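Chemist: Quick one: structure below, then a few questions.
2 protein chains.
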Amino acid sequence: MVLCARGQEGKREKVGEMIDSETAELRVLDAAESLFYARGIQAVGMDEIRTASGVSLKRLYRLHPSKADLVEAYLRRRDVRWRRSLAAYVDARTDPQERILAVFDWLHDWFAEPDFRGCAFVNSFGELGATESAVAEAARAHKEEFFRYLADLATAADAPTPLADHLALLAEGAMTTAAIIGSPEPAHQARDAARLLLDATANGDARSA
Amino acid sequence: MVLCARGQEGKREKVGEMIDSETAELRVLDAAESLFYARGIQAVGMDEIRTASGVSLKRLYRLHPSKADLVEAYLRRRDVRWRRSLAAYVDARTDPQERILAVFDWLHDWFAEPDFRGCAFVNSFGELGATESAVAEAARAHKEEFFRYLADLATAADAPTPLADHLALLAEGAMTTAAIIGSPEPAHQARDAARLLLDATANGDARSA
DNA sequence: AAGATTTGAGAACGATCGTTCTCCTCGGGG
DNA sequence: CCCCGAGGAGAACGATCGTTCTCAAATCTT
Chain H
0 MVLCARGQEG KREKVGEMID SETAELRVLD AAESLFYARG IQAVGMDEIR
50 TASGVSLKRL YRLHPSKADL VEAYLRRRDV RWRRSLAAYV DARTDPQERI
100 LAVFDWLHDW FAEPDFRGCA FVNSFGELGA TESAVAEAAR AHKEEFFRYL
150 ADLATAADAP TPLADHLALL AEGAMTTAAI IGSPEPAHQA RDAARLLLDA
200 TANGDARSA
Chain F
0 MVLCARGQEG KREKVGEMID SETAELRVLD AAESLFYARG IQAVGMDEIR
50 TASGVSLKRL YRLHPSKADL VEAYLRRRDV RWRRSLAAYV DARTDPQERI
100 LAVFDWLHDW FAEPDFRGCA FVNSFGELGA TESAVAEAAR AHKEEFFRYL
150 ADLATAADAP TPLADHLALL AEGAMTTAAI IGSPEPAHQA RDAARLLLDA
200 TANGDARSA
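Top line first, the protein sequences correspond to chains H and F. So in numbering that gives the first Met the number 0, spot 30 of the first sequence is number 29, and the numbers just go up one at a time. So in numbering that gives the first Met the number 0, spot 88 of the second sequence is number 87, and the numbers just go up one at a time.
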């Protein structure tokens with residue numbers, strides 16, 4: 000993944016201000032993530048990423064030969080970090096039903112962050128999904144991974160298969176609703192709904208007309 | 000709302016090719032809706048809307064003095080047409096619970112349309128919500144109206160207040176999920192979940208720990 | 001019928017942006 | 001000590017886009 004053949008020993012370690020390729024890449028990805036997520040992809044120019052990261056344009060284009068490449072790197076990294084953060088939070092609980100509900104607690108914490116602006120993949124899909132197929136594919140893959148994770152949590156709780164789909168819809172709806180109305184409250188509502196669905200199926204499905 | 004003082008009688012009716020202001024506005028809005036929805040707002044230039052609508056740039060800018068103005072008109076019209084279409088579909092049913100479930104049937108029909116690409120407001124919000132506050136506000140207002148409609152359906156079915164929020168999250172989640180995975184199936188899943196929630200509360204809330 | 005006015009088609013303008021190029025600096029090897 | 005290649009800062013280039021302007025044709029007014 001790293002473009003320049005990271006290092007026959009310390010060929011270019013220079014002094015003081017000089018930064019090596021790995022930290023340059025980190026700074027670029029940090030800047031790209033902050034800016035792309037906060038303002039949208041098309042609203043952020045490469046020059047702004049250069050300024051925010053402190054990396055020269057030349058090096059920026061050596062690390063990512065095009066903006067499309069940088070966008071893909073941004074989405075890739077956002078996907079793994081987002082899912083890792085969620086999994087770390089859920090792993091603090093042991094009871095299978097509690098682990099499912101913890102997903103919505105984690106969502107609430109996320110929604111309450113001051114710079115929360117919805118799901119980066121939904122936003123990117125809405126902006127570029129029709130034009131850049133790589134973005135559409137990244138969003139699809141991210142949601143698929145997330146849904147698979149929910150499905151694993153559901154089967155661990157002995158919940159029937161469709162429940163995982165229902166949880167996914169609640170979580171997904173909470174994300175976009177929280178973003179648009181600007182409140183973390185949908186996380187609580189989604190958690191309540193998830194609780195009802197868990198209880199309804201646990202108590203035997205009394206589905207009368 | 001109409002800019003040019005629509006008509007001391009037929010002041011400008013010309014012949015043949017000439018089109019009057021009302022049909023020009025319709026053609027512009029049709030073109031804007033198709034293009035903005037299909038490809039995103041920033042990906043469509045004013046020149047393309049001119050070509051698609053067959054209206055001259057001058058007239059286009061007389062009807063909508065800026066692209067931002069056209070975008071707001073697009074969102075306004077999309078909001079009322081979308082909600083009108085949904086209400087017409089739901090009004091074909093009389094049973095209060097059936098009316099709630101009909102929302103998800105309507106969603107399924109929408110998702111199955113070949114050019115379905117998610118909720119126009121979610122997409123616009125993701126693309127421009129951080130930059131253009133009018134877009135963010137339009138999305139918020141649209142979701143609020145939709146949620147109010149669901150709340151009315153829920154109270155008509157004697158459902159407890161939080162159920163309306165749960166239905167909203169399911170519908171919202173189904174929209175973005177259907178868009179990203181490219182399948183209308185989430186509508187069925189959301190309908191199933193709604194059904195479970197309706198039954199769970201109808202049968203008395205058996206919430207045990 | 002003739003001048004005033006409006007319109008459409010499209011060129012033009014200015015700004016922005018992705019990408020590349022230039023120039024200058026700086027460190028290392030003879 | 002002097003050439004050399006690499007790197008940084010930023011100018012430059014080409015394309016796109018929102019918006020305005022030009023100019024000629026067509027219409028309305030009188």
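Where is the CB? At the ideal position from N, CA and C, for every residue including glycine. Computed from a predicted structure; not experimentally measured.
List the residues of chain H that residue 142/F touches, going by C-beta distances under 9 Å, in chain order.
Modeler: Correct list: 175, 176, 179, 180.
Chemist: Kindly indicate if chain F contains any beta-carbon less than 8 Å away from that of residue 136/H.
Modeler: Closer than 8 Å: no.
Chemist: What are the residues of the region 19-41 of chain F that lie near chain H, defined by any Cβ-Cβ distance shorter than 8 Å?
Modeler: If the cut-off is 8 Å between Cβ atoms, the region 19-41 of chain F has 37, 38, 39, 41 near chain H.
Chemist: Let me check understanding here. Comparing Cα to Cα, which of 160/H, 176/H, 187/H lies closest to residue 124/F?
Modeler: The shortest C-alpha separation from residue 124/F is found at 176/H.
Chemist: May I ask which residues mark the beginning and end of the alpha helix (DSSP H) holding residue 173/H?
Modeler: Residue 173/H -> alpha helix (DSSP H) spans 160-180.
Chemist: Okay, do the region 100-109 of chain H and the region 183-196 of chain H touch, 3+ Cβ pairs below 8 Å being the bar?
Modeler: Segments in contact, yes.
Chemist: Would you kindly check if the distance between the Cβ of residue 172/F and the Cβ of residue 169/H is under 8 Å?
Modeler: A contact, by the Cβ cut-off of 8 Å.
Chemist: Let's see if you can read the secondary structure: which residues bound the alpha helix (DSSP H) around residue 131/H?
Modeler: Careful: residue 131/H lies outside any alpha helix (DSSP H) and carries neither H nor E.
Chemist: By the DSSP assignment, the alpha helix (DSSP H) with residue 90/F in it spans what residues?
Modeler: Taken as a continuous stretch (DSSP letters only), residue 90/F belongs to no alpha helix (DSSP H), as it is neither H nor E.
Chemist: List the residues of chain F whose Cβ lies closer than 7 Å to the Cβ of residue 171/H, in chain order.
Modeler: Near residue 171/H (Cβ distances below 7 Å), the residues of chain F are 172, 175, 176.
Chemist: Are the C-beta atoms of residue 78/H and some chain F residue less than 8 Å apart?
Modeler: Cβ-Cβ to chain F under 8 Å: no for residue 78/H.
Chemist: Less than 8 Å between the CB atoms is what I'm expecting for residue 197/F and residue 96/F, so what's the real figure, rounded?
Modeler: Contact holds; Cβ gap of about 6 Å.
Chemist: To be precise: take each residue of the region 119-136 of chain H, compare its Cβ to all Cβ atoms of chain F, and keep it if any distance is under 8 Å. Which residues remain?
Modeler: Cβ contacts with chain F: 120, 121, 122, 123, 124, 125, 126, 127, 128, 129, 130, 135.
Chemist: Taking residue 54/F as part of the alpha helix (DSSP H), name the residues at either end of that continuous run.
Modeler: Note, residue 54/F: premise wrong, no alpha helix (DSSP H); not H, not E.
Chemist: For residue 42/F, does the three-state DSSP call read helix, strand or coil?
Modeler: In the structure shown, residue 42/F sits in coil (DSSP, three-state: anything other than H, G, I, E or B).
Chemist: Between which two residues does the alpha helix (DSSP H) carrying residue 222/H extend?
Modeler: Because chain H spans 0 through 208 in this model, residue 222/H falls outside it and cannot be assessed.
Chemist: For residue 28/F, I'd like the list of residues in its chain whose CB is within less than 7 Å of its CB, leaving aside the five on either flank, ordered along the chain.
Modeler: 72, 73, 76, listed in sequence order.
Chemist: Does residue 165/H come within less than 8 Å of chain F when only Cβ atoms are used?
Modeler: So, interface residue.
Chemist: Is the number of C-beta pairs between the region 33-40 of chain F and the region 115-123 of chain F that are closer than 8 Å three or more?
Modeler: The answer is yes - the region 115-123 of chain F touches the region 33-40 of chain F, with three or more Cβ pairs under 8 Å.
Chemist: For residue 234/F, name the three-state secondary structure that DSSP assigns.
Modeler: The shown model of chain F, from 0 to 208, leaves out residue 234/F, and the question about it has no answer.
Chemist: For residue 53/F and chain H, any beta-carbon pair shorter than 8 Å?
Modeler: Chain H, which has no Cβ nearer than 8 Å to the Cβ of residue 53/F, makes this no.
Chemist: Give, in chain order, every residue of the region 88-100 of chain H whose Cβ lies closer than 7 Å to some Cβ of chain F.
Modeler: Listed by position along the chain: nothing, the set is empty.
Chemist: Kindly list the residues whose CB is nearer than 6 Å to the CB of residue 52/H, restricted to its own chain and excluding five residues on each side of it in sequence; keep chain order.
Modeler: Around residue 52/H: 26, 27, 30.
Chemist: Buried or exposed, going by whether 16 or more other CB atoms sit within 10 Å of the CB of residue 79/F?
Modeler: So residue 79/F ends up on the exposed side.
Chemist: Counting contacts by CB-CB distance shorter than 8 Å, is residue 46/F in contact with chain H?
Modeler: Answer no: the Cβ-Cβ gap between residue 46/F and chain H never drops below 8 Å.
Chemist: Tell me, to the nearest whole angstrom, how far the beta carbon of residue 212/F is from that of residue 126/H; I am working on the premise that it is less than 8 Å.
Modeler: A question about residue 212/F goes unanswered here, because the residues of chain F that appear run from 0 up to 208.
Chemist: State yes or no: is the C-beta of residue 194/H within less than 8 Å of the C-beta of residue 100/H?
Modeler: In this structure, residue 100/H lies closer than 8 Å to residue 194/H by Cβ.
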